[in-house]
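Worksheet: one structure, shown below.
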Amino acid sequence: MRSLTDVQPLTPQLTNEQVIERLKADRLVEGPQHASDDYIEALKRTLIVSADTELISAPSYLGAAADAPDTSSYMSVISIVQDELGHAHIAYRMLRDLGVDVDELVYGRRPEEFKYPYAFDVPLETWEEMIVANAFYDRAGFVLLSDVFDHTTYVPWKRALVKVDREETFHLRHGERWIKKLAKDEDWHRKIQAAMDWMFILTLEWFGLPDDLKKHGGQLSYGLKGQTNDQLRQTWMSATVPFAEEHDFDVPAHLDEETGQYVMDCDFPLAFDPEKKEWDHGKGEVTWDDVIARWRAKGPANQRFVGSLQRGHRMLLDAA
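FYI, the numbering for the sequence shown is 161 to 480, going by our numbering.
See the structure below:
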C-alpha cells in the first residue's frame, strides 16, 4: 500500500481562459484538475509566502518570550508559537498536495531564499516588542488571511482558514490587551511607544509594493485574494491607528476626513537601520527599489532564525 506522500498530485486540466470562465460562473477550484498551470503557480507563490511567514514567526516570538513578566505570560506566547507552527503546517501541506517537495522547501533552501516580511528579520527582544508585534504583525496577518478567506477561489485553503482566522484573532487580541493594560503606566507607555516608532512603518511594508509597482497580478485575476496591496494597507491602518490613538500612542498616520483614507504623516518608504531599529527621517523618502534591495539583503536575524528551524533536520541526517 502506498503512503499519502507517494500519491502523485493531480495535473492541471484547464487553460487560463477556461479557469476565468469557471470563476465568472461562481464555480470554485477544489484542486489542480479544475485549474490551469498559471493558476497553480500563482497559488504556490502565495502559499509559500504564507507558510514561510507563519514558520519564521515561531523563533521570532520565542526569543521575545524570554522577557515575559511572569510564567503565565510566557506560556501565552508559547501557545501562540504553537499556533503559528500549526498554521505553517497547513500551508505546507497544501503545497505538498500540489506536488511541491516541502522537505526541500523547508530544509533545503538557504536562509536568504525564504519568503516572508522583512519585519521578522529584525529580532524581537523585549516584552513591549512582543506585544506590539502581536498587535501590529498579527493584525497584518489577520488582515491578509481574512481577505483570502473571504475571497479565495481555492476551496481547500478557504476551509483551512476557519481555524487559522480564530487563532490569529487571539494573537492580536493578546497584544492589544497587554498594551491597553500597560499604557496607563508612564514607564511602560514610553517603552511601548519606542517599539511602535519602528514597528508601525515596518508593518506597513508587510503588504508589499504599492499597486502601481505590483508585478504579479495572478492573485487578483484568479481570485486568490480580493484586495490590492494598498487596500490591505488601508484595512490594517483602519484598525491599528484608532487603537493607538485611543491609548495615547503616536503613530505616523491619520484619517483624512474628506477622502476617508488614512494618510502618512511622514515620508514613506524610508531607509531603515535594523541594528539600531531606527528610521532615517532626515534622509527623507527613498525609492521602492531601495526597499527591495534591503528586503533581498535580509535582516540581522535571518540566518539565526532559519538556522534554528533547520538544525534538528541536519542533526538527524548527520546521525543517519
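Glycine included, each C-beta is placed from N, C-alpha and C at the ideal position.
Distances from the CA of ASP450 to each of GLY442, GLN193 and PRO429 were compared; the closest alpha carbon is that of PRO429.
Nearest C-alpha to PRO460 among ALA185, ALA279, TYR252 and PRO172: ALA279. Non-local beta-carbon contacts of ALA355 in its own chain, meaning distances under 7 Å to residues more than five positions away in sequence, involve GLU288, GLU289 and VAL292 in chain order. Distance from the CA atom of GLY378 to the CA atom of ASP198, rounded to whole angstroms, is 8 Å.
LEU415: not part of any alpha helix (DSSP H); member of the beta strand (DSSP E) spanning 413-416, first to last residue.
Across the structure, ALA457 and PRO434 are spaced so that their CA atoms are roughly 12 Å apart. In the structure shown, GLU438 falls within a strand segment according to DSSP collapsed to helix, strand and coil. Residues of the same chain with a CB within less than 6 Å of the CB of PHE296, apart from the 5 flanking positions on each side, are MET359 and THR363 in chain order.
DSSP places VAL303 in the uninterrupted alpha helix (DSSP H) bounded by 287-311. When DSSP states are grouped into helix, strand and coil, TYR199 belongs to the helix group.
Among the bridge pairs identified by DSSP, VAL315 is matched with none.
Taking 8 Å as the upper bound for CB-CB distance, TYR252 and GLN470 are not in contact here, some 14 Å apart. Within its own chain, the residues whose Cβ lies closer than 7 Å to the Cβ of GLN173, once the five positions on either side in sequence are excluded, are GLN193, listed in chain order. CA-to-CA, the gap between ASP345 and HIS414 works out to about 25 Å. With contacts defined by Cβ atoms closer than 9 Å, ASP410 and GLN353 form a contacting pair. ASP243 is classed as buried because its beta carbon has at least 16 other beta carbons within 10 Å across all chains shown.
LEU203 is a Cβ neighbour of ALA195, given a cutoff of 9 Å. Membership of TYR422 in the beta strand (DSSP E) is indicated by the continuous run 421-424. Here the region 298-314 makes contact with the region 387-396; the two share three or more CB pairs at distances below 8 Å. Under the 10 Å beta carbon count, GLU438 is surrounded by fewer than 16 other beta carbons and is classified as exposed. As the crow flies, the alpha-carbon of ALA480 is around 47 Å from that of THR388. Cα atoms of ASP227 and PHE465: separation of roughly 18 Å, rounded to the nearest angstrom.
If you ignore the 5 residues before and after THR312, its C-beta comes within less than 6 Å of the C-beta of LYS318 and LEU384, all in its own chain and listed in chain order. According to the DSSP secondary-structure assignment, VAL466 is paired through a beta bridge with no residue. Within the same chain, Cβ atoms closer than 7 Å to the Cβ of ARG299 are found at LEU332, TRP396, ALA399 and THR400, the five residues on either side in sequence being excluded.
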